[in-house]
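Mapping of the sequence shown onto my numbering: residues 2 to 424, in sequence order. Just so you know, even glycine gets a beta-carbon here, dropped at the ideal spot from N, CA and C. One structure below.
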Amino acid sequence: MANNHFETVSIGNIQVHVLPSTKFKTTTFVAYIGQELKPETVTKTALLPAVLQRGTQSTPTTIELKRKLDDLYGAILFGDVSKRGERHLMEFGLEIANERYLQDKPALLEEGLSFFTEVLFAPATEGNGFKASYVEAEKKNLKQKIESLQDDKIRYAAQRMVEEMCKGEPYALFNHGRLADLEQLGATELYTYYQDVIRTCPIDLYCVGNVSTEQVVELLRDRLASQATGQRKTYTLAPVVREVKEEKVVVDRLNVKQGKLNIGCRTQTEITSNDYPALVVYNGILGGFPHSKLFRNVREKASLAYYCSSRLESLKGLLMIQSGIEIGNFQRAVDIIKEQLEAMRQGRIDQQELEQTKATLTNAYKEQQDRSYELIHFHHQSVLAGQERTLEQMLQAIQRVSIEDVVRVAQKVQLDTIYFLRD
Numbered sequence: 002m003a004n005n006h007f008e009t010v011s012i013g014n015i016q017v018h019v020l021p022s023t024k025f026k027t028t029t030f031v032a033y034i035g036q037e038l039k040p041e042t043v044t045k046t047a048l049l050p051a052v053l054q055r056g057t058q059s060t061p062t063t064i065e066l067k068r069k070l071d072d073l074y075g076a077i078l079f080g081d082v083s084k085r086g087e088r089h090l091m092e093f094g095l096e097i098a099n100e101r102y103l104q105d106k107p108a109l110l111e112e113g114l115s116f117f118t119e120v121l122f123a124p125a126t127e128g129n130g131f132k133a134s135y136v137e138a139e140k141k142n143l144k145q146k147i148e149s150l151q152d153d154k155i156r157y158a159a160q161r162m163v164e165e166m167c168k169g170e171p172y173a174l175f176n177h178g179r180l181a182d183l184e185q186l187g188a189t190e191l192y193t194y195y196q197d198v199i200r201t202c203p204i205d206l207y208c209v210g211n212v213s214t215e216q217v218v219e220l221l222r223d224r225l226a227s228q229a230t231g232q233r234k235t236y237t238l239a240p241v242v243r244e245v246k247e248e249k250v251v252v253d254r255l256n257v258k259q260g261k262l263n264i265g266c267r268t269q270t271e272i273t274s275n276d277y278p279a280l281v282v283y284n285g286i287l288g289g290f291p292h293s294k295l296f297r298n299v300r301e302k303a304s305l306a307y308y309c310s311s312r313l314e315s316l317k318g319l320l321m322i323q324s325g326i327e328i329g330n331f332q333r334a335v336d337i338i339k340e341q342l343e344a345m346r347q348g349r350i351d352q353q354e355l356e357q358t359k360a361t362l363t364n365a366y367k368e369q370q371d372r373s374y375e376l377i378h379f380h381h382q383s384v385l386a387g388q389e390r391t392l393e394q395m396l397q398a399i400q401r402v403s404i405e406d407v408v409r410v411a412q413k414v415q416l417d418t419i420y421f422l423r424d
């Protein structure tokens with residue numbers, strides 16, 4: 002297996018992670034800025050990536066910024082927000098061609114890093130805030146994004162299930178924020194908040210490509226000198242052990258033709274636990290793949306669902322089951338899903354299911370080596386967890402998982418919330 006070891010260097014309170022690799026013809030930069038998920042900041046955090054991509058001090062207009070990307074041989078810039086556990090992450094990325102493979106050998110690495118750090122740390126401003134026209138335009142875009150959630154019934158049902166299951170917990174918040182916050186949010190207030198975020202929140206800057214760590218760090222040192230000050234805050238994981246006192250059933254009604262049945266479970270297993278690889282295998286056997294129990298028994302055998310699968314929110318210790326069903330099949334579908342959870346608890350797992358799941362997981366993890374963004378994402382999950390588990394270690398751990406290990410984690414899983422979206 003190729004060496005996918007990131008080299009990490011601290012520049013003040015910013016951690017720089019570099020993966021030198023001859024595999025990629027492009028160089029990928031990604032920055033994560035991690036804020037706590039909180040009602041009072043969730044909308045501001047969601048708005049920032051869009052505003053920061055509108056312009057920088059040297060390219061203050063959107064046209065100039067796009068022209069700069071063209072000058073960088075068609076570089077791709079993006080930014081978004083996500084939630085991982087109780088963390089609200091701003092993610093920015095820039096992908097550029099590697100100068101080694103260009104005929105005229107421009108200084109693209111230096112120019113790309115200079116531009117990327119300017120997007121992060123030197124945005125276009127006016128007066129004491131961001132450019133008001135940019136903030137107002139992006140507020141409208143964010144409003145539309147929040148309102149359109151209900152148009153995507155699969156995403157809407159998933160979010161509503163989380164809201165009901167995690168009521169009173171930060172994870173219940175929608176990562177794109179709240180409509181009620183937008184109207185009074187101004188350019189000056191947002192800029193003040195941005196300055197506070199840059200000063201106090203953990204920042205991780207990644208670079209993957211045919212580069213050297215020394216070269217990248219040297220180029221960044223001067224550019225980050227004024228930003229990389231103060232003490233880096235460490236990420237802390239919220240406890241995932243949460244006893245389920247009673248099973249909740251929540252039914253929402255909208256104009257839908259197909260029912261959305263979402264079930265949330267508490268795994269009671271932390272990502273840092275020795276049981277975590279067994280939990281990943283458990284999810285694969287239960288609903289992670291087309292050969293899994295949910296797909297075979299709910300969709301194929303009983304013909305009850307258009308789709309039925311499960312996934313993990315590892316940093317929060319949650320297992321989410323999602324399915325699309327005929328509205329009249331609600332109770333039967335719930336019963337069969339519960340039967341699969343019970344089958345896992347009782348150890349009704351054959352060796353073929355185990356080996357097929359291990360093989361599929363192994364292929365999926367190995368495929369990550371061919372995608373720079375996934376290598377970065379996998380490593381940053383370790384940063385958030387506060388404990389590194391390399392891709393190689395994860396693969397070895399998966400191979401060691403036995404049926405007994407899967408049953409052990411299965412017996413900790415508790416069904417928390419059944420959510421049904423119907424007409």
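Exposure label - residue i; buried when at least 16 CB within 10 Å
i: Pro203; result: buried
i: Thr118; result: buried
i: Pro291; result: exposed
i: Ser373; result: buried
i: Ala108; result: exposed
i: Gln1; result: With the chain running from 2 to 424 in the structure shown, residue 1 is simply not present.
i: Ser324; result: buried
i: Asn256; result: exposed
i: His6; result: exposed
i: Gly94; result: buried
i: Lys84; result: buried
Check whether residue i and residue j have beta carbons under 8 angstroms apart
i: Ile326; j: Leu305; result: yes
i: Cys309; j: Gly288; result: yes
i: Ala188; j: Leu262; result: no
i: Met162; j: Thr418; result: yes
i: Phe47; j: Tyr74; result: It is Ala, not Phe, that sits at residue 47 in the sequence shown. Contact: no.
i: Leu280; j: Leu316; result: no
i: Asn176; j: His89; result: yes
i: Glu65; j: Ile77; result: no
i: Glu100; j: Leu220; result: no
i: Val282; j: Val407; result: yes
i: Gln370; j: Gly318; result: no
i: Asp139; j: Val52; result: A small correction: the amino acid at residue 139 is Glu; Asp does not occupy that position in the sequence shown. Yes, they are a contact pair.
i: Leu320; j: Tyr366; result: no
i: Gln228; j: Ile199; result: yes
i: Lys144; j: Leu186; result: no
i: Lys24; j: Tyr102; result: no
i: Gly35; j: Tyr236; result: yes
i: Ser311; j: Asn284; result: yes
Which listed residue (the options) has its alpha carbon closest to that of residue i
i: Leu191; options: Gln151, Lys154, Asp205 and Pro124; result: Pro124
i: Pro171; options: Tyr194, Phe122, Ala239 and Asp72; result: Ala239
i: Arg233; options: Val384, Pro61 and Glu164; result: Val384
i: Ala386; options: Thr273, Val299, Phe421 and Tyr420; result: Thr273
i: Asp358; options: Gln412, Lys294 and Asn298; result: A small correction: the amino acid at residue 358 is Thr; Asp does not occupy that position in the sequence shown. Here the closest residue by C-alpha is Lys294.
i: Asp427; options: Asp205, Pro107 and Ile328; result: Residue coverage of the chain in this structure runs from 2 to 424, which leaves residue 427 outside it and unanswerable.
i: Val242; options: Thr62, Ser22 and Gln415; result: Gln415
i: Ala32; options: Leu121, Asn5 and Thr23; result: Leu121
i: Phe296; options: Ile322, Glu368 and Gln370; result: Ile322
i: Asp336; options: Gln397, Ile264, Ile399 and Arg390; result: Ile264
i: Glu164; options: Pro278, Val250, Glu375 and Asn330; result: Val250
i: Lys413; options: Tyr420, Arg346 and Gln400; result: Arg346
i: Cys167; options: Gln196, Asn330, Thr57 and Gly86; result: Gly86
i: Ala344; options: Leu362, Asn298 and Asp71; result: Asn298
i: Gln394; options: Asn275, Asp351 and Arg349; result: Asn275
i: Asp351; options: Ile404, Gly169 and Ala360; result: Ile404
i: Leu114; options: Arg222, Lys144 and Tyr102; result: Arg222
i: Val402; options: Pro50, Leu255 and Pro278; result: Pro278
i: Val136; options: Glu368, Val410, Asp253 and Arg55; result: Arg55
i: Val43; options: Ile147, His18 and Ser11; result: Ile147
i: Glu8; options: Asn129, Asp205 and Val252; result: Asp205
i: Ser59; options: Val17, Thr126, Leu38 and Pro21; result: Thr126
i: Tyr472; options: Asp197, Asp72, Val252 and Leu180; result: No answer is possible for residue 472: it lies beyond the span of the chain, which begins at 2 and ends at 424.
Whole-number beta carbon distance between residue j and residue i, since they are thought to touch under 8 angstroms
i: Tyr207; j: Ile377; result: 5 angstroms
i: Ala173; j: Leu422; result: Rounded, the Cβ-Cβ distance is 17 angstroms, inconsistent with contact.
i: Val1; j: Arg267; result: No answer is possible for residue 1: it lies beyond the span of the chain, which begins at 2 and ends at 424.
i: Thr29; j: Val212; result: The Cβ separation is near 10 angstroms, so there is no contact.
i: Tyr307; j: Gln259; result: 7 angstroms
i: Ile399; j: Leu362; result: 6 angstroms
i: Val82; j: Pro40; result: Their Cβ separation, rounded to whole angstroms, is 15 angstroms, which puts Val82 and Pro40 out of contact at 8 angstroms.
i: Val19; j: Thr214; result: 4 angstroms
i: Phe131; j: Lys69; result: Going by Cβ atoms, the distance from Phe131 to Lys69 rounds to 19 angstroms, so no, they are not a contact pair.
Short CB-CB distance (under 8 angstroms) between residue i and chain B
i: Glu244; result: In the structure shown, chain B does not exist; there is a single protein chain.
Along the chain, which unbroken stretches of the alpha helix (DSSP H) at least 4 residues long are found entirely within the stretch 200 to 238? 214 to 225
Output the residue ranges of the alpha helix (DSSP H) runs that lie fully inside the stretch 89 to 162 and measure 4 residues or longer, sorted by chain position. 109 to 122 and 133 to 148
Mind pulling the beta strand (DSSP E) runs of 3 or more residues that sit fully within the stretch 261 to 334? 306 to 314 and 319 to 326
At 4 residues or longer, what runs of the alpha helix (DSSP H) sit wholly inside the stretch 338 to 395? 352 to 368 and 373 to 386
Report the residue ranges of all alpha helix (DSSP H) runs contained in full by the stretch 32 to 89; include only those spanning at least 4 residues, in chain order. 43 to 53 and 63 to 72
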